[in-house]
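*Asks:* In this text, residue positions in the sequence shown follow the UniProt record's numbering: the first is 1, and each later residue adds one.
Glycine included, C-beta positions come from ideal geometry on N, C-alpha and C.
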Amino acid sequence: METSPWFEDPSDSPFASPFGDDLLPPLEAYADDLSQAKASNEGGRMTDEESEAAFQAREAERVKARDALYAQLNEQQSEAVNYGSKSLLVLAGAGSGKTSVLTARIAKLISTGRVPAKAVLAVTFTNKASQEMQHRLRKLLDARSVREMWMGTFHSLCSKMLRENAEAAGLPKTFAILDVDGQEAMARGILKDFGLTKASLKESAKARANAAASRDLLTPADILLSAGGIQENDLEDDGDANEFVTPGQCAKFISARKEAGVPPAPPAVVNTKSMAVDQMEAVYAEYQKRCAAAGLLDFQDLLDRGVRLLRDVPDIRQKYQDKFEAILVDEFQDTNKIQYEFLQLLKSRKSHVMAVGDDSQSIYAFRGADPRKMFQFVQEMTTDAEAPEGRIVKLEQNYRSLPHILEAANAIIARNPKQLKKTLFTSRPDGNEKIDLITFGNGMFEASSIARSIHHMVKVLKVPPSEVAVLYRTNQQSRLLEQELNKLGVPLTVYGGFRFYERQEIKVVMAYLDLICDMTRDLSFARVANVPPRGIGERTIEELRQRAKAKGISMMEMVGEQSVFLESNPKAFGGASAIKKQRLLEGFSDVVLNLADMAAEVPLSKLIERLVEASGLDVHYKSESAGSKAGEAEAEERLKNIAELVSAARQFEVENPQLTSAADQLPDYLAYVALMTSTSEADMSKKPTISLMTVHSSKGLEFDHVFIAGLEEMTFPHSRAIAEDEENGNGKSLEEAFEDIDNVDAEDLDADFQDGDGLQEERRLMYVAVTRARKTLTISHAQERMLNGETKAFEPSRFLQEIPANRLRLINDAEQFAKASRAGRDTGNREYGGDAFDDGRSEYRPKAPARSSAPVAPAAARSQTAPATRRMAIIGTAGRDKAHEMDRALWDAMLSDARSRVLPTDTLVSGGAAWADHLAVRLFLDGAVQHLELHFPAPLEGGAFAGPARDSAGSAANYYHSMFQKATGIDGLREIEQAIAAGASTTAQPTGAGYSAMFSRNRIVAATADKLVAYTFGEGDEPASSGTKNTWDRAAHASREHVRLGDLRLHQPSPTAPLPSPEPAPPAAEAMDKVKPWLRRGNRPVATEPTGAPAPSRPATESAGPPSAQIQQRIALMGRRPATRH
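#1: If you count every other CB in all the chains shown that lies within 10 Å of the CB of residue 884, and 16 or more means buried, which is it?
#2: Mind checking whether residue 700 and residue 422 have CB atoms under 8 Å apart?
#3: Is residue 178 helix, strand or coil when you go by DSSP?
#4: Kindly identify the DSSP beta-bridge partner or partners of residue 397.
#5: Assuming residue 490 is part of the alpha helix (DSSP H), what are its boundary residues?
#6: Could you tell me which residues DSSP pairs with residue 985 in its beta bridges?
#7: Hey, residue 778 and residue 784: beta-carbon distance below 8 Å or not?
#8: Pull up the DSSP beta-bridge partners for residue 705, would you.
#9: State the start and end residues of the unbroken alpha helix (DSSP H) segment that holds residue 386.
#10: Are the beta-carbon atoms of residue 1005 and residue 1041 separated by less than 8 Å?
#11: Going by CA-CA distance only, name the one from 133, 667, 989, 387 that's closest to residue 297.
#12: Pull up the DSSP beta-bridge partners for residue 297, would you.
#13: How many Å lie between residue 813 and residue 406 at the Cα?
#14: Does DSSP classify residue 1057 as helix, strand or coil?
#15: Closest by CA to residue 622, which one among 610, 615, 613, 635?
#16: Just the Cα atoms here: how many angstroms apart are residue 323 and residue 137?
#17: So is residue 385 buried or exposed if we call it buried at 16+ other beta carbons inside 10 Å?
#18: On a CA-only basis, which of 598, 156, 872 is nearest residue 124? Give me that one, please.
#19: Helix, strand or coil, according to DSSP, for residue 871 in the structure here?
#20: With a Cβ-Cβ cutoff of 8 Å, do residue 330 and residue 362 count as a contact?
#21: Does the segment 62-74 come close enough to the segment 335-351 that 3 or more CB-CB pairs lie under 8 Å?
#22: Could you check how far apart the C-beta atoms of residue 304 and residue 327 are, in whole angstroms? I think they sit under 8 Å.
#23: State the CB to CB distance for the pair residue 493 and residue 687, rounded to an integer number of angstroms; the pair is presumed to be in contact (CB under 8 Å).
#24: Secondary structure at residue 785, three-state DSSP: helix, strand or coil?
#25: Between the alpha carbons of residue 1023 and residue 447, how many angstroms are there, rounded?
#26: So residue 440 is in the beta strand (DSSP E); what residue range does that whole segment cover?
#27: In the DSSP assignment, the beta strand (DSSP E) including residue 86 goes from what residue to what residue?
#28: How long is the line joining the alpha carbons of residue 443 and residue 642, rounded to whole angstroms?
#29: By the three-class DSSP mapping on this structure, what secondary structure does residue 1129 have?
#30: Is it buried or exposed, residue 980, if we count other Cβ atoms within 10 angstroms and call 16 or more buried?
#31: For residue 948, which residues of its own chain have a beta-carbon under 6 Å away from its beta-carbon, when the five flanking residues on both sides are left out?
#32: Excluding sequence positions up to five away, which residues of its chain have a Cβ less than 7 Å from the Cβ of residue 465?
#33: Can you name, in chain order, every residue of its own chain whose Cβ lies under 6 Å from the Cβ of residue 663, other than the five neighbours on each side?
#34: My parser needs the alpha helix (DSSP H) runs of 4 or more residues fully inside the segment 98-184; what are they?
#35: Tell me where the alpha helix (DSSP H) around residue 578 begins and ends.
#36: Please state whether the Cβ-Cβ distance between residue 925 and residue 902 is less than 8 Å.
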């Protein structure tokens, strides 16, 4: 077979699925007999006797495989597989082998002759699940039986029914399926046509102005005005009065309306001053018209039109009811209202339905999934006189996880009321293993420690990376984890990226194929007319679209009409530029027309190969990358993806032998590909890397070792679920929940105190996360996280309290980190989860129990169980008070007063600025307190705070320190470095946070203090104003004292010449080794005179001295230092 030189012919190698699953067997396996296919490939032909012998040999292998599968079933699984012809719910817990049960049930029905293969309908939730089931069935049944079955997702099955009955459904036989990108593209065109975009508004205003001048032209604005798309008062763009919706918003609005079964309700008039919902209603109405005219269906249309076909046409409904005797549904808990109706319409008196699912794993409410549908199914489809309560078989034996993980999962999900009860168990021995539950001080420590633990597991303990996963609630949580793992060189995959058919080069080829299949597809024409670049600009395409629309024809037809006009009357066509544009359009049109002619003669795979050559895509991708290794690698990847598409096309050809040419194959193939994007299926195949993914993405996967990060209130459970619960008056406060949760059964709680639907779904999500783990499970939460440039405190998740205390090993990393810091130990390598292994091997061994087995206490209770160390915040003037003199004598008085107030066991908390803040640094260096926490307004880099030279929190802090050094002779920035080297812990606000970083820092200081002392020149019992007052007000929970600096000055000795303050002893060399290199004093030039920084710009009421030469020197040093992440 002739092939393009850059396409590898996969006919002699196993087919690799374009989704990366590698689930499908070699192409030869699609033939009824492997030996016959092999002989055919070698040019020989088998006799009838040889064919029969080969078939019988294969059938003997299949019988053996079926018997082996049946023998492995436990009692409950076997009951489900051998159940009679009655409808049944199989309640299948996580890891209970539901796929094996479904596969065995289908094999049993067909191989025993109870139900013909063509009378079996198997519904899966995802395309991947369908492929996996087909792969398993090919080992158990002959290929013809697998082909004759109806198997697929709800969308694909509806698509097949609609295509078989297109006329009855009021659809063209060649209807196409519009994916999400297509929806947005159509919405974008409608918004433009209706004048509901900023660009069209300006164009219309300009056109109307020109019309006013000539008064004899009909402008595009007039056309739109007459169509109701734009009104007179739209022409003046008065800023906020106009409201613009996006194509993405429109696509989501349309999908939501269709999901709810709500038809369009367009307003009589719409313009940019209309409410957003009215604009989207108008787009929705026009979208429906254009889809109907072009023969397009979106994913929701497939379900809606399929159900309507069965509901409204009795003959067709009866045809399919007669056809299907056995209906099997996987992941039944994920079905929504319209999918459930689809099943109801297909079930007849003679057929039976087996639904397999787990209401504890129903996590797709945002798609309309409702776990209560399982109760409805039991009541409506499985009850009769023999079984008035319904028929349910429970699969509770788990083959995945160790006992401690299952015990935690059972305890968590037991809190949800109104569920079908089940209890997971395992036959594995219980070694009293524990789940690590770690409390971190902040999100950065959490990410860093998880990364180091995984690095240790992979590099030292030789754990396969593919067996380690980090799960989180939302995609945003992946950034820090990815960053810290990358620092350590740990190979990782962040799941949720582009799926195969969403890749740019695949979309281009698919758009070409769509246009070849139906040349009236203007969306595809516009997408590829200039791919690869042909000199056809967006304006040319838009002008062509408008002309075609005005004539009621397609863009391709418009090119043809213009071509005829050009040939007959070239002088009237326009100038050289217009003729050039037309020739370019004709060149593109010729490519498509030639390929369409070829489609009638060659199969689909060959057409794709010729398409890539004829369009110039192969040359384009290669030339685009010339001279760049990275570009060449990307081009090679693109071409490999297209080659994979050719393989997928060959697979389709083998599976559909009745379709012989590309022209016949394209309608069904395009529908098949469109359906591949109908559900959220990323490439979830395991790779030799660490896996980072949301809990939603982890559904259906399992790993030896799982980390679940970010278990805090407002994160997991999500803030939306908590807010919804509070708005609906459900549930209790967090304190009430912690108080009562161990004393009351969920079933016994009054309805007013039960969690609402949102929180119950969050708990199911937690159940799914926990049950992904086979051997070890590590769960963590942080006391603080950086959100939107601000540090915020977080409560531990309520779900942590629901895990049995005897199964937890509690680790307070925040406390241990502080102790290690004080002892001068390295605190940068905090590892968890890896100590459950024998060194050098990946064999699991039980972990020894730690200090305590008590569950995590809520924040309100933590103060009662915390160590007896006081957290004292020192705040006050930064030294910029213009009305009062700041000198060394006042500083010494402040230091003496502060020393009298602290205890040796205290932890001092301060903000890292000068004067009052710096008291904490000096007291720590003098050994007066146990520990120091500094919360900087900006990162400390190269001996100065980072940030723009002016108008930033960093420049302000540098200025305060420069004034402090001039007045006292003390280099405060150097002392901060020494304190860090001695074990002080730090946080920092982002560089770009501006002055708001000062207030964010204040919030942290206030929130973490038990006692607060403020030094200011105010004369009252509390600070008068400024940032100190802000911190004071936020610390109302703490004991507070205001020290009036005026009083200190009255009691200090008569002023004398400033005495040099003894420099604190430099830290030991070992301590300095633990400081980041760019923070060591020896790594930057030491100024021989006091250094400073430029004053920040501020209101006129505050002073701002001019920057000195020394200040400019420090700025230069800052610019040369590497960035530091805190």
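*Replies:* Put simply:
#1: exposed
#2: no
#3: strand
#4: 425
#5: Note, residue 490: premise wrong, no alpha helix (DSSP H); not H, not E.
#6: 933
#7: no
#8: 468, 776
#9: It is not in any alpha helix (DSSP H) - residue 386 carries neither H nor E in the DSSP assignment.
#10: no
#11: 667
#12: 177
#13: 26 Å
#14: Since pLDDT at residue 1057 reaches only 39, below the 50 mark, its modelled position is unreliable, and no value is offered.
#15: 635
#16: 21 Å
#17: exposed
#18: 156
#19: strand
#20: no
#21: no
#22: With a Cβ gap of about 20 Å, residue 304 and residue 327 do not count as contacting.
#23: 5 Å
#24: strand
#25: 38 Å
#26: 435-442
#27: Taken as a continuous stretch (DSSP letters only), residue 86 belongs to no beta strand (DSSP E), as it is neither H nor E.
#28: 41 Å
#29: It is not possible to answer for residue 1129, since the shown part of the chain is limited to 1 through 1126.
#30: buried
#31: none
#32: 458, 491, 688, 689, 690
#33: 599, 600
#34: 98-111, 127-137, 143-148, 154-164
#35: 576-599
#36: no
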